[in-house]
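Undergrad:
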Amino acid sequence: MNLGFDAPGFWPPAWLPDAFVSPQGIDTLRWASAGYATASTDDPASTVYQPRLTGDVEISQSALDALGIGGKLTVGLSTIGLDDADAALRDLHRYGLADGRGLRIRRVPVVDARASDVGTPLAGKVLGMRLDLSAGTATITRTDPVLAFSGLTRGVDRGAGRTGTLVGVDVLERLAVPLQPTKYAGTGGIEGGDELKDRPKPVLLGRCGNVTPNFLGNIDLGAGSLPTYQVSWRQVFSIDAVRIRGVEQALVSSGTPTVGQARPWEALGMFQLGSTPDGIVTADVRGDADGGYVSSTAGVLRRLINALGPGVGALEIDGSSFAFAEADIPGEIGWYSGGQEITASDAASTIVQASGAVLCGGRSGAIRLFDPIASDATDQFDIKAGWVLDCRPVSLPASLRSLSTSVGVNWRPNWTPMTDVAGSVPAADRERLKNRASGPERINSVTLTQRLAPQRDMLLPGLFWSQADASTRAQAWARWLEAGPRIFEITTDRYLGQIECGHVGRVSYDLWEMGGGVRGVVVGWREQLGAQRLTITIATQGA
Numbered sequence: 105m106n107l108g109f110d111a112p113g114f115w116p117p118a119w120l121p122d123a124f125v126s127p128q129g130i131d132t133l134r135w136a137s138a139g140y141a142t143a144s145t146d147d148p149a150s151t152v153y154q155p156r157l158t159g160d161v162e163i164s165q166s167a168l169d170a171l172g173i174g175g176k177l178t179v180g181l182s183t184i185g186l187d188d189a190d191a192a193l194r195d196l197h198r199y200g201l202a203d204g205r206g207l208r209i210r211r212v213p214v215v216d217a218r219a220s221d222v223g224t225p226l227a228g229k230v231l232g233m234r235l236d237l238s239a240g241t242a243t244i245t246r247t248d249p250v251l252a253f254s255g256l257t258r259g260v261d262r263g264a265g266r267t268g269t270l271v272g273v274d275v276l277e278r279l280a281v282p283l284q285p286t287k288y289a290g291t292g293g294i295e296g297g298d299e300l301k302d303r304p305k306p307v308l309l310g311r312c313g314n315v316t317p318n319f320l321g322n323i324d325l326g327a328g329s330l331p332t333y334q335v336s337w338r339q340v341f342s343i344d345a346v347r348i349r350g351v352e353q354a355l356v357s358s359g360t361p362t363v364g365q366a367r368p369w370e371a372l373g374m375f376q377l378g379s380t381p382d383g384i385v386t387a388d389v390r391g392d393a394d395g396g397y398v399s400s401t402a403g404v405l406r407r408l409i410n411a412l413g414p415g416v417g418a419l420e421i422d423g424s425s426f427a428f429a430e431a432d433i434p435g436e437i438g439w440y441s442g443g444q445e446i447t448a449s450d451a452a453s454t455i456v457q458a459s460g461a462v463l464c465g466g467r468s469g470a471i472r473l474f475d476p477i478a479s480d481a482t483d484q485f486d487i488k489a490g491w492v493l494d495c496r497p498v499s500l501p502a503s504l505r506s507l508s509t510s511v512g513v514n515w516r517p518n519w520t521p522m523t524d525v526a527g528s529v530p531a532a533d534r535e536r537l538k539n540r541a542s543g544p545e546r547i548n549s550v551t552l553t554q555r556l557a558p559q560r561d562m563l564l565p566g567l568f569w570s571q572a573d574a575s576t577r578a579q580a581w582a583r584w585l586e587a588g589p590r591i592f593e594i595t596t597d598r599y600l601g602q603i604e605c606g607h608v609g610r611v612s613y614d615l616w617e618m619g620g621g622v623r624g625v626v627v628g629w630r631e632q633l634g635a636q637r638l639t640i641t642i643a644t645q646g647a
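Take our numbering: the last position of the sequence shown gets the number 647, and nothing is skipped along the way.
So, in structure tokens, the structure goes:
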């Protein structure tokens, strides 16, 4: 492998000129658990895989600790043993040539393990596995052999006894890049002055209240030289209110604003004041509208990972999981960054934690969004009692034990809590502008309050704009808690390479009151590829 760079489908942490990312010097390393050559009809065709993998390969994922608090998670690929008798891993380790490369693991059917030498096309019933370590691709395909995992390589190390190891992670690793690559040039006008130079331009997704815009100076946008402020790096849907020290300015859609007025320039993500302000300037905005206005949890997350730093393409977003989350977690939300340096990963974490949702990477290399308390879904698996090789209960995570007797969800976050509010601002508005959020909207469970000695409150930050949407989410969590959730680990040899976190299904077993079957959401899984064993962790939706 040459010292090359990833193809655009797997962007490295830094962006380089096209001349430096030519794929001509990039090799694809193909390794297997036994010598393997593809058939002429395979993809790739008539290609040798070196027998370098030692031991079994296990891939796993868990959102158990995120229950109740939400968050993002990553596939944990166990250490893959590699044979290094020929010192082939030397440069991969020394220079980090494999770091950040595309990684694919496939399970290959073979006729006879003893006949699996180099040059033998393989097909049949006994399972083997193969691994691709390459520059990666933005195109996600499913071929025979079955794709077990697609992600990125964290690194290759060399160990004692002429051995090596490889560790991989899922595509969420791509979110660990700056959220906003577009920065102010500091050359004046809409590029800001020296104080803004090299700072990220603001990002506003969905509906946000009382954000602090960036002051660009006095600029002529077509209505005279006026104090100009920016709330988004590109066009927004609407600027609904502009305030000076909490006092709303009258909005005008044309002409030159005067004292007490402001003019929105939605196409530029800016507004102008009719006079020099005597204090802090804030605004209510319905944000990014380039490609259409989005304001749901699923819509905002999709826009964030697609249009900003990571630049994740449509084929790398699991459309079905996002579509289900769109309906399952309703409500208008908003998120704002006025120019802070923040990674896409941290921004996404804040958004999912607000409602208790989870963002994860799927087996195929596509990013998935799911709700751990989803109930209104079609079963995606049904594991019969006779298919269960092992089943055991698991303790609830610390975040849920003991169960909360009430659930609160904040709403309409105030992005600029204020202390200097003008005396003319009505008392109710003054109070709202001082607090960090409205709410919380709280649902108290009479059933759990009567049953449980500890009286605990579960509080979600909430990015919802309306009180009704916050109430809907609080009710959903309260119903899930009242049903008495249980956690089980189930091991089977069915559904290999298929079940993902967020899938909803049913499991039957003769113990643990599971004889009639229990329904739940998958919040974790672990698969041993060579042993053909799948262990799933499900959170039940009642008895």
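Backbone N, C-alpha and C define an ideal beta-carbon position, used for all residues, glycine too.
Quick one: residues in its chain with C-beta nearer than 7 Å to the C-beta of Leu308, no 5 flanking neighbours on either side, listed in chain order?
TA: The answer, listed in chain order, is Val315, Val335, Ser336, Val340, Val389, Gly391, Asp392 and Tyr440.
Undergrad: Could you tell me the distance, in whole angstroms, from the CA atom of Leu638 to the CA atom of Ser182?
TA: Using only the alpha carbons, I get a separation of about 15 Å.
Undergrad: Are three or more beta carbon pairs between the stretch 158-173 and the stretch 185-201 nearer than 8 Å?
TA: Contact between the stretch 158-173 and the stretch 185-201 is present, because at least three Cβ pairs lie under 8 Å.
Undergrad: Could you pull the start and end residues of the alpha helix (DSSP H) that Gly403 belongs to?
TA: Looking at the DSSP string, the run of the alpha helix (DSSP H) that includes Gly403 is Thr401 to Ala411.
Undergrad: Just to check my reading of the structure: Cys605 and Val462 have Cβ atoms closer than 8 Å, yes? What is that Cβ distance to the nearest angstrom?
TA: With 8 Å as the limit, Cys605 and Val462 qualify as a contact, their Cβ atoms being about 7 Å apart.
Undergrad: Over the uninterrupted alpha helix (DSSP H) stretch that includes Val462, give me the two end residues.
TA: Element bounds for Val462: not the alpha helix (DSSP H) but the beta strand (DSSP E), Val462 to Gly465.
Undergrad: Output yes or no for whether 8 Å exceeds the beta carbon distance between Gly172 and Ser459.
TA: No, the Cβ-Cβ distance between Gly172 and Ser459 is not below 8 Å.
Undergrad: So Leu585 is in the alpha helix (DSSP H); what residue range does that whole segment cover?
TA: Looking at the DSSP string, the run of the alpha helix (DSSP H) that includes Leu585 is Gln571 to Glu586.
Undergrad: In or out: Asn322 buried (at least 16 other Cβ within 10 Å) or exposed?
TA: Exposed, by the Cβ-count rule.
Undergrad: Return the chain-ordered list of same chain residues with a C-beta closer than 6 Å to the C-beta of Ile640, the five sequence neighbours on each side being excluded.
TA: Ile594, Ile603, Val626 and Trp629.
Undergrad: Leaving out five residues before and five after Ser510 in sequence, what residues of the same chain have Cβ atoms less than 6 Å from its Cβ?
TA: Cβ within range, chain order: Arg546, Asn548 and Asp561.
Undergrad: Could you check the C-alpha separation between Pro361 and Gly378 for me, to the nearest Å?
TA: Looking at the two C-alpha atoms, the distance is approximately 4 Å.
Undergrad: If the criterion is Cβ atoms closer than 8 Å, does the pair Phe375 and Arg406 meet it?
TA: Not a contact, by the Cβ cut-off of 8 Å.
Undergrad: Since I believe Arg134 is in contact with His197 (beta carbons under 8 Å), could you give me their beta-carbon distance rounded to a whole number of angstroms?
TA: With 8 Å as the limit, His197 and Arg134 do not qualify as a contact, their Cβ atoms being about 19 Å apart.
Undergrad: Output yes or no for whether 8 Å exceeds the beta carbon distance between Ala252 and Gly601.
TA: Cβ distance < 8 Å, so Ala252 and Gly601 count as in contact.
Undergrad: Report the rounded CA-to-CA distance for Ala289 versus Asp298, giving the unit in angstroms.
TA: Going by the C-alpha atoms only, they are around 8 Å apart.
Undergrad: Roughly how many angstroms separate the alpha carbons of Asp494 and Thr596, rounded to a whole number?
TA: The alpha-carbon atoms of Asp494 and Thr596 are separated by roughly 7 Å.
Undergrad: Can you tell me whether Gly566 is helix, strand or coil according to DSSP?
TA: Strand, per DSSP.
Undergrad: Distance, Cα to Cα, Gly268 vs Asn410?
TA: Whole-angstrom Cα-Cα distance: 36 Å.
Undergrad: Please report the residue range of the beta strand (DSSP E) in which Gly185 lies.
TA: Counting along the chain, the beta strand (DSSP E) containing Gly185 begins and ends at Ile184 to Asp187.
Undergrad: Could you tell me which uninterrupted alpha helix (DSSP H) segments, each at least 4 residues in length, are contained entirely in the stretch 448-497, listed from first to last along the chain?
TA: For the stretch 448-497, whole alpha helix (DSSP H) runs of length 4 or above, ordered along the chain, are 448-457.
Undergrad: Label Gly296 either buried or exposed according to how many other C-beta atoms from any shown protein chain fall within 10 Å of its C-beta, with 16 as the threshold for buried.
TA: Flag for Gly296 reads buried.
Undergrad: Nearest to Gln645 by alpha carbon, out of Ser499, Ala532, Arg555 and Asp480?
TA: Out of Ser499, Ala532, Arg555 and Asp480, Asp480 has the C-alpha closest to the C-alpha of Gln645.
Undergrad: Can you tell me whether Gly199 is buried or exposed, with buried defined as 16 or more other CB within 10 angstroms of its CB?
TA: Note on residue identity: the sequence assigns Tyr, not Gly, to residue 199. Classification of Tyr199: exposed, given that the 10 Å Cβ count is below 16.
Undergrad: What first and last residue would you give for the alpha helix (DSSP H) that runs through Thr551?
TA: Note, Thr551: alpha helix (DSSP H), Val550 to Arg555.
Undergrad: Comparing C-alpha positions only, which one of Ala643, Arg598 and Lys538 sits nearest to Arg590?
TA: When only C-alpha atoms are compared, the closest one is Ala643.
Undergrad: Can you check whether the C-beta of Asp394 is within less than 8 Å of a C-beta belonging to chain C?
TA: Reference to chain C is not applicable here, since this structure consists of a single protein chain.
Undergrad: So, with DSSP's three-state summary, where would you put Leu279?
TA: Reduced to three states, the DSSP call for Leu279 is helix.
Undergrad: According to DSSP, is Lys287 part of a helix, a strand, or is it coil?
TA: If DSSP states are grouped into helix, strand and coil, Lys287 belongs with the strands.
Undergrad: From the DSSP output, in three-state form, read off Ser379 for me.
TA: Looking at Ser379 - three-state DSSP - the assignment turns out to be coil, as it is neither helix nor strand.
Undergrad: May I ask you to list the residues that DSSP assigns as paired with Val622?
TA: Note: Val622 sits in a beta bridge opposite Val611.
Undergrad: Roughly how many angstroms separate the alpha carbons of Gly228 and Val212, rounded to a whole number?
TA: Per-residue confidence for Gly228 stands at a pLDDT of 41, beneath the threshold of 50, marking its modelled position as unreliable; no derived number is given.
Undergrad: Under 8 Å between the Cβ atoms of Arg205 and Leu256?
TA: Going by C-beta atoms, Arg205 is nearer than 8 Å to Leu256.
Undergrad: Please work out which residues of its chain come closer than 6 Å, Cβ to Cβ, to Glu352, disregarding the five sequence neighbours upstream and downstream, and give them in chain order.
TA: Same-chain partners within the cutoff: Ala345.
Undergrad: Please name the residue, chosen from Asp203, Leu193, Val250 and Ala170, that lies closest to Ile209 on a Cα-to-Cα basis.
TA: Closest by alpha carbon: Val250.
Undergrad: Gln444 bridges to which residues according to DSSP?
TA: The partner list for Gln444 (beta bridge, DSSP) is empty, contrary to what the question assumes.
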